[in-house]
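J.: Questions regarding the structure given below will be posed in turn.
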Amino acid sequence: MGYELDQLDTSIITSLMEDGRKSFRAISRELKISTPTIKARYERLVKIGLIKSVRPEIDITKISKSNKKSLSEDLLNSLKTNKKHFHVKIDNLQVKMKCDFCEGPINGRPKSLKFADIERFFCCTSCRNDYKGKYGGRIQSLIEQYKENKKK
Ligand SMILES: [Zn+2]
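Quick note on our numbering: the sequence shown kicks off at 11 and runs consecutively.
As structure tokens, this is what we get:
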């Protein structure tokens, strides 16, 4: 399964299809969703590997088949018409993801772990726990660093 794009994800992608250099604020106005939310979603799409650069290049190979909703139609159409800007072709709206711990494919809903401004995805809770165990110290120091930076 992998990461399932929801309505907001696809709206952001569709919006970026029109102009990949659009600001988060512009998208926020367009979708009537707060700028931080847009930014967080955008960053997540980058993290899961769907958006590959600041000017989004969408990796079609990451998307596998599913029978998702009709919103896929709109997205598909905009993808088709914007080929020159985006190297995309979409069969469906799920992004294949790799576990951040075992590097195996994530089947089903990814288990996520958020700390500081980072988010990691895992195939199962035991990978998530193992990751926490292995990188606990580093995670803790990243959280502290993040808090420090926020104070400034
Ligand atoms: Zn795993």
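Note that CB positions come from ideal geometry on N, CA and C, so glycine has one too. Remember, it's a predicted structure, so these values are computed and weren't measured experimentally.
Considering only the alpha carbon of each residue, which of Ser136, Lys162, Lys160 and Ala126 lies closest to Arg148?
T.: Answer by Cα proximity: Ala126.
J.: Report yes if the CB atom of Arg35 is closer than 8 Å to the CB atom of Thr45, and no otherwise.
T.: yes
J.: Measure from the alpha carbon of Asp140 to the alpha carbon of each residue in Asn117, Cys109 and Leu152, then state which is nearest.
T.: Cys109
J.: What are the partner residues of Arg130, as DSSP defines its beta bridges?
T.: Leu123
J.: Could you check if Pro115 is buried or exposed, using at least 16 other CB atoms within 10 Å of its CB as the buried criterion?
T.: Burial is judged here by how many other beta carbons sit within 10 angstroms of a residue's own beta carbon; Pro115 has fewer than 16 and is exposed.
J.: Strictly under 8 Å for the Cβ-Cβ distance: is Ser38 near chain C by that measure?
T.: The chain inventory of the structure shown lacks chain C, comprising one protein chain alone.
J.: In chain order, what residues of the same chain have a beta carbon less than 7 Å from the beta carbon of Ser38, not counting five sequence neighbours either side?
T.: Ser44, Thr45 and Ile48.
J.: Report yes if the CB atom of Lys121 is closer than 8 Å to the CB atom of Cys134, and no otherwise.
T.: yes
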